[in-house]
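In terms of full-length UniProt numbering, the sequence shown has 526 at position 526, counting the first letter as 1, and numbering is strictly consecutive. Each residue gets a CB set at the ideal place from its N, CA and C atoms; glycine is no exception. In what follows, a single structure is set out as structure tokens and then discussed.
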Amino acid sequence: MSEFLVIVESPAKAKTIEKYLGKKYKVKASMGHIRDLPKSQMGVDVEHNYDPKYITIRGKGPVLKELKTAAKKAKKIYLAADPDREGEAIAWHLAQSLNVDITSDCRVVFNEITKDAIKESFKTPRPINMNLVDAQQARRVLDRLVGYNISPLLWKKVKKGLSAGRVQSVAVRMIIDREREIQSFVPEEYWTIKADFLKGTEQFEGSFFSLDGKRTELHSEEDVKKIVAAIQGNEFAISNVTKKERKRNPAAPFTTSSLQQEAARKLNYRAKKTMMLAQQLYEGIDLGKGQGTVGLITYMRTDSTRISDVAKLEAQSFIENMFGKEYFQTELRKEKKQTNAQDAHEAVRPTSILREPSAVKEFLSRDQYRLYKLIWERFVSSQMASAIMDTMSIDLKNGDIIFRANGSKIKFPGFMKVYVEGTDDSIEEKENLLPDVKEGDTFFSKDVDPKQHFTQPPPRYTEARLVRTLEELGIGRPSTYAPTLDTIQKRGYVSLDNKRFVPTELGEIVLELVKEFFPEILDAAFTAKMEQEFDSVEAGSLAWIKVIDDFYQGFEKNLIKAEAEMEKVEIKDEPAGEDCEECGHEMVFKMGRYGKFMACSHFPECRNTKAIVKEIGVKCPTCHEGNIIERKSKKRRIFYGCDQYPSCEFISWDKPLARPCPKCESTMVEKKLKKGVQVQCVECDYKEAPLS
């Protein structure tokens with residue numbers, strides 16, 4: 001019989017921890033929460049201090065029975081759920097169900113699943129922290145009061161299956177506000193003038209900068225003509241050369257938010273996928289004989305960039321051995337800390353820097369490997385020396401006109417030898433080498449090139465950009481970003497177009513109703529204030545019932561008003577422009593879980609449905625009879641196939657073109673690159689210059 005019972009959330013975690021603790025310990029999994037508020041009713045007693053009614057989650061009866069049987073046989077029970085509010089709440093629910101004294105040393109927490117970390121954590125068990133539990137309970141109760149009161153209203157007034165929540169409603173509002181900003185944007189014209197400057201074998205590019213010693217912007221073609229007319233010949237003298245040395249610091253180790261953003265930019269992972277893979281890396285991967293199952297990264301739900309002294313020392317030794325002493329950071333850098341950060345855990349980092357990605361690659365799936373490599377490289381680079389850039393600026397004078405050329409080169413790569421942080425706009429610093437010139441040197445202009453441009457509207461939100469903005473506004477917490485993005489898409493409030501969020505008509509209708517009757521739900525400042533109050537509950541300085549009561553007093557009045565005054569909204573189906581082939585009635589567009597589809601307007605008498613077919617104007621290169629159409633895989637990835645399927649099985653991930661290869665007359669396709677598109681032949685080596 002095992003003397004000690006340890007309960008964690010997942011079987012993978014249980015397997016890893018049991019191996020480290022030895023025969024005296026039996027480790028079992030609760031499979032997440034075992035108790036929650038009921039789905040069929042509110043489950044919150046508003047009349048009696050918002051008392052929550054918890055029940056065993058449907059399907060968890062056998063799990064709970066197994067845990068109770070094991071608990072009776074154990075001398076002591078340890079609750080080892082994740083080290084955050086959610087984990088503390090899971091531990092509390094388990095204690096309630098198994099009659100564990102919450103004031104006893106029954107709670108064990110660890111930030112990484114490694115042998116040393118696990119053994120150390122069991123030396124210092126503690127009681128359950130009720131402040132953490134209350135903070136989680138406050139969020140759960142508040143979200144239940146909002147969701148279970150507003151959602152039925154939306155079902156009655158708009159359509160079934162809708163919902164409204166604090167964080168998701170603000171996210172939808174941000175997406176819609178951005179779309180309206182884009183639609184109302186008025187482009188402004190501006191011009192640039194570039195020229196190549198030559199002297200012997202030396203050549204570089206410069207741009208018009210100033211006139212009569214004043215920085216001059218070009219707003220029209222007339223402005224450009226005046227500058228071009230004022231250029232006297234093609235001789236330019238170097239009037240000023242500025243050289244500077246600039247430091248570039250590495251990015252900090254990952255937080256949950258920055259991990260989701262960077263995985264979206266560099267790996268094209270959705271937030272939900274990133275968190276699923278990170279969970280697997282945290283809980284443990286079997287690294288074969290000799291090592292067994294090991295947690296490869298620290299806990300992945302965190303808003304801190306802090307790392308332990310042990311990790312810093314290990315990083316120092318690794319970097320100095322791998323790259324040399326000059327590559328380890330020696331200067332103290334100030335950490336940028338979010339004002340609303342809880343800073344409860346370390347940053348997301350490898351549990352050991354010595355487990356290089358190449359060494360564990362064979363034990364990981366492709367997706368796991370790519371995410372682990374990203375986390376490992378980010379952590380290593382964060383501990384490395386700053387890069388040193390030599391920057392240079394050259395002014396070229398012709399009469400009263402100045403052209404300027406800017407260049408830079410890497411003098412010392414530092415952290416850039418390992419990793420450079422991505423950006424939402426795919427702009428990375430590139431070397432632009434300028435010749436070594438001095439004042440008074442003469443260069444000659446060639447190919448003076450004026451170009452017209454127009455200012456661009458703000459970009460739509462990508463997942464990465466939206467997560468970053470929510471975090472900056474103090475809305476949501478590390479554990480809420482991925483579920484929020486998932487929910488607003490499942491509800492049909494927004495869709496993804498070219499990896500950017502676009503609001504739907506349904507989203508706009510729901511937003512206007514919520515804005516009219518529950519304005520505080522859509523107020524970013526209000527939502528951020530609620531997060532701060534949850535933090536105060538966690539700190540023990542505010543009672544959770546007071547937080548709920550302060551909110552509900554005003555919310556209840558709005559609810560009564562909305563019940564009486566909210567008008568019913570009818571969403572008419574949009575005609576699809578064709579008739580049903582089964583009954584002859586008109587086909588209409590409907591919104592489903594996976595986006596729009598066509599359905600017969602005579603539903604439910606006729607249940608005919610069709611996918612929306614998007615032709616690309618290309619004949620099938622295999623059967624020469626069908627047309628190529630755009631399709632979507634089960635994972636929502638676009639591919640191209642023949643509309644004669646299954647009689648013709650042509651498919652391609654790359655978009656086929658209507659024109660044949662000029663070299664061999666085979667099919668040409670557009671192949672997507674990280675930056676731009678490459679047109680190439682599927683048979684021969686013919687390629688065209690990439691399009692940006």
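Residue pairing for N432: DSSP places it in a beta bridge opposite S408. Inclusion of G440 and A237 in the CB contact set at 8 Å is warranted, their separation being smaller than that value. The C-alpha of K312 lies about 7 Å from the C-alpha of Q383.
For W653, there is no enclosing alpha helix (DSSP H), as DSSP marks it with neither H nor E. Secondary structure at H93: helix, using DSSP grouped into helix, strand and coil. Following the DSSP letters along the chain, one finds P450 in no alpha helix (DSSP H) but inside the beta strand (DSSP E) bounded by residues 442 to 454. Unbroken alpha helix (DSSP H) stretches of 4 residues or longer found wholly inside the UniProt domain "Toprim" (3 to 121): 11 to 21, 61 to 73, 85 to 98, 115 to 121, given in chain order.
According to DSSP, residue pairing for M598 in a beta bridge involves F589, K610. When beta bridges are read from the DSSP output, I628 appears opposite C642. Here the alpha carbons of L673 and P478 stand approximately 31 Å from one another.
In this structure P458 is exposed. Its beta-carbon is surrounded by fewer than 16 other beta-carbon atoms within 10 angstroms. Judged by DSSP in its simplified three-state form, T667 adopts strand. Residue pairing for Y461: DSSP places it in no beta bridge. When only Cα atoms are considered, K499 and L162 end up about 23 Å apart. Residue burial annotation: A315 is buried, with at least 16 other C-beta atoms found within 10 angstroms of its C-beta. In this structure, V679 keeps its C-beta atom at 8 Å or more from the C-beta atom of S652. With respect to the 8 Å criterion, N249 and S381 are not classified as neighbours on the basis of their beta carbons. For W376, the number of other beta carbons within 10 angstroms of its own is at least 16, and it is reported as buried.
In the structure shown, I285 falls within a strand segment according to DSSP collapsed to helix, strand and coil. DSSP places E531 in the uninterrupted alpha helix (DSSP H) bounded by 524 to 539. For N240, the enclosing beta strand (DSSP E) has its first and last residue at 235 to 248. With 16 or more other Cβ atoms from the protein chains shown falling within 10 Å of its own Cβ, I77 counts as buried.
With respect to the C-alpha of D395, the residue from A405, M389, I388 having the closest C-alpha is A405. For the 8 Å CB-CB criterion, L67 and I7 form a contact. When beta bridges are read from the DSSP output, S210 appears opposite R215, I402. If the five residues before and after I488 are omitted, its C-beta is found closer than 7 Å to the C-beta atoms of Q168, A171, V172, V494, all from its own chain and listed in chain order.
The region 130 to 149 makes contact with the region 530 to 539; the number of CB pairs closer than 8 Å reaches 3 or more. Judged by DSSP secondary structure, T192 falls within the beta strand (DSSP E) whose first and last residues are 189 to 199. The beta carbons of L211 and I227 sit closer together than 8 Å.
Per DSSP, the continuous beta strand (DSSP E) segment holding Q680 begins and ends at 677 to 681. G584 carries a coil assignment under DSSP once its states are collapsed to helix, strand and coil.
A residue is called buried once 16 or more other Cβ atoms fall within 10 Å of its Cβ, and C664, having fewer, is exposed.
For K672, the secondary structure class from DSSP, reduced to helix, strand or coil, is strand. Distance from A81 to E9 at the Cβ level is roughly 6 Å; contact confirmed, criterion being Cβ atoms closer than 8 Å.
At a cut-off of 3 residues, not a single continuous stretch assigned as beta strand (DSSP E) sits fully inside the region 469 to 494.
In chain order, D84, T256, P478, S479 place their CB closer than 6 Å to the CB of R301, counting only its own chain and leaving out the 5 sequence neighbours on each side.
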